[in-house]
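Take the sequence shown: its letters are residues 1 to 398, numbered as in my numbering.
No residue lacks a Cβ here, since even glycine has one placed at the ideal position from N, Cα and C.
No experiment lies behind these values; they were computed from the predicted model shown.
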Amino acid sequence: MNQVVQANAPSQSRLDAAKEHLRALIGFDTVSKKSNLALITYMADYFAILGADITVLPDATGGKANLVARFGPAGQPGVVLSGHTDVVPAEEGDWVTPPFEMAERNGRLYGRGACDMKGFAACVMAAAPGFAAANLSRPLYLCFSYDEEVGCLGAPDIACHLAALPVPPGLAVIGEPSNMKLVTGQKGKIAMRAVVTGTSGHSSFAPQHVNAVEYAARVISKIEARAAQYAAEGPFDEDFTVPHATMLATMITGGVATNVTPEQCSFTFELRSIGANDAEADMAALTESITQEVDAEMRAKAGCAGIEWQRIFAYPAMTDARGTRGFEELASIMPEFGGKVSYGSDGGVFEKIGGIPSVIVGPGSIEQAHKPNEYIDISQIGACIEFLASLTAQLSAH
Numbered sequence: 001m002n003q004v005v006q007a008n009a010p011s012q013s014r015l016d017a018a019k020e021h022l023r024a025l026i027g028f029d030t031v032s033k034k035s036n037l038a039l040i041t042y043m044a045d046y047f048a049i050l051g052a053d054i055t056v057l058p059d060a061t062g063g064k065a066n067l068v069a070r071f072g073p074a075g076q077p078g079v080v081l082s083g084h085t086d087v088v089p090a091e092e093g094d095w096v097t098p099p100f101e102m103a104e105r106n107g108r109l110y111g112r113g114a115c116d117m118k119g120f121a122a123c124v125m126a127a128a129p130g131f132a133a134a135n136l137s138r139p140l141y142l143c144f145s146y147d148e149e150v151g152c153l154g155a156p157d158i159a160c161h162l163a164a165l166p167v168p169p170g171l172a173v174i175g176e177p178s179n180m181k182l183v184t185g186q187k188g189k190i191a192m193r194a195v196v197t198g199t200s201g202h203s204s205f206a207p208q209h210v211n212a213v214e215y216a217a218r219v220i221s222k223i224e225a226r227a228a229q230y231a232a233e234g235p236f237d238e239d240f241t242v243p244h245a246t247m248l249a250t251m252i253t254g255g256v257a258t259n260v261t262p263e264q265c266s267f268t269f270e271l272r273s274i275g276a277n278d279a280e281a282d283m284a285a286l287t288e289s290i291t292q293e294v295d296a297e298m299r300a301k302a303g304c305a306g307i308e309w310q311r312i313f314a315y316p317a318m319t320d321a322r323g324t325r326g327f328e329e330l331a332s333i334m335p336e337f338g339g340k341v342s343y344g345s346d347g348g349v350f351e352k353i354g355g356i357p358s359v360i361v362g363p364g365s366i367e368q369a370h371k372p373n374e375y376i377d378i379s380q381i382g383a384c385i386e387f388l389a390s391l392t393a394q395l396s397a398h
């Protein structure tokens, strides 16, 4: 367990503490398919020593858990600091140093999760002694989820827990990498799989068969057409780098040999939506249209043929929190505006399920995430610590 840094320690000491916490956090191999319990215990024990009220929310298997640690009075509309504990795999062969051992080089801290998003967690841990010592007039909820990288699977339990409090939080700050700029929107995502079943036989008799690959191609062309409609007709939000919803096929497999009509073909596709879309309705309309046209034609040729739709995961878009009371109370300390992002976060879950307006402010660049030799600039760690200090002062009683 790292030594607790005193609340009035100079910023350099907090920066050093953040580095040591990041070293420890990177050392936990929390790839999404693995347990995060050891890391959750590490963080929970640290916050408990400082006097936080600790709530651990395990998943159904007991192999993973979310953490909610509260500093300050419970009876006021507080602020959430949210991060996720899981990371993407680090199986690339060109890591210069071991991915689960932090390395410092040229003003950067390297390791899987350094940027996305254990760097933010380390900053929160370094700032926590200040949370504990401050005379907070409103609470801070430090929330760390599991399985964000595979569909924001842990965050709904946190959002439900917070929404059920006598006084729910008024704003969530999601610490995803934003170069410490204010991000006020995030796209939602629905990931789907289509399983296309036809009939097989020798390809010289192809007209007698139902070719699963060819029908899958027809479905994909309809997905492409829907994507073109989004691009042409919107709705639009110019704060995004891609200012409209997108839809595309991402992976496909099918067929067994060059001389066999394919009986099976499956592919995955996604819809990334902005807040102005009704993503669920759009997806339902698309699949229903394809079922009525393509699936019906397949079944008319062979009763065993058809298309099965499987949902892989989904998370909602995060809309603009500016103008809400929770945001306006902290607007004076918010950093420079950085637009809206197309990557996902737990922010949309907090907003849709918990009713908690959310923004993204976090250290590091998304450009460094999900890559070998992932890193975060030390200057970004320092900027995050300063932001958390300003937040502490803003929430402290006067």
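Check	Outcome
C-beta contact flag for V173 and V341 at 8 Å	no
Three-state secondary structure (DSSP) of P58	strand
Beta strand (DSSP E) segment containing S145, residue limits	L140 to S145
Within 8 Å, strictly: CB atoms of R23 and G72	no
Start and end residues, alpha helix (DSSP H) containing T392	I378 to L395
Pair within 8 Å by beta-carbon distance, F327 and P357	yes
Contacts around I252, its chain only, beta-carbon distance under 6 Å, and the 5 residues preceding and following it disregarded	F267
CB contact flag (A65, L37, <8 Å)	yes
C-beta contact flag for L271 and K352 at 8 Å	no
Beta carbon of I376 nearer than 8 Å to that of G364	yes
Straight-line gap, A274 to G234 (C-alpha atoms, nearest Å)	Reading off the sequence shown, one finds Ile at residue 274, where the question assumed Ala. Approximately 10 Å between the Cα atoms of the pair.
Beta carbon of L67 nearer than 8 Å to that of A44	yes
Where E367 sits in the DSSP three-state scheme	helix
As assigned by DSSP and simplified to three states, the class of D16	helix
Meets three-Cβ-pair contact criterion under 8 Å: the region 81–89 and the region 142–160	yes
Given 8 Å, three or more beta-carbon pairs between the region 293–303 and the region 235–254	no
Supposed close pair A212, G201 - CB separation, criterion 8 Å	The Cβ separation is near 12 Å, so there is no contact.
Alpha-carbon spacing of T319 relative to D239, whole angstroms	11 Å
Contacts around T261, its chain only, beta-carbon distance under 6 Å, and the 5 residues preceding and following it disregarded	S200, G201, S203, A206, H209 and N211
Integer Cβ distance of G254 from A216, believed to fall under 8 Å	6 Å
R311 versus Q12: straight-line alpha-carbon distance, rounded	47 Å
A305 to G111 span [Cα, whole Å]	48 Å
Anticipated Cβ contact below 8 Å, A18 with A122, distance rounded	5 Å
Where the beta strand (DSSP E) containing I360 begins and where it ends	S358 to I360
Unbroken beta strand (DSSP E) run spanning Q76, endpoints	Note, Q76: premise wrong, no beta strand (DSSP E); not H, not E.
Whole-angstrom distance between M117 and A163, CA atom to CA atom	24 Å
As assigned by DSSP and simplified to three states, the class of F313	strand
Beta bridge counterpart(s) of R108 as assigned by DSSP	R105 and D377
Residue interval of the alpha helix (DSSP H) (run including Y118)	Here the sequence assigns Lys to residue 118, which means Tyr is not the residue at that position. Run containing K118: K118 to A133, per the alpha helix (DSSP H) assignment.
Cβ pair P166, G78 closer than 8 Å	no
Close-in-space but distant-in-sequence residues of the same chain around L330 (CB under 8 Å, 5 per side omitted)	V79, L171, L391 and Q394
Contacting residues, own chain, Cβ-Cβ under 6 Å from G344 (five flanking each side not counted)	K189 and Y315
Backbone CA spacing between E20 and G63 [nearest angstrom]	26 Å
Residue closest to S32, alpha-carbon to alpha-carbon, out of G154, K181 and Y230	G154
T261 - DSSP class collapsed to helix/strand/coil	strand
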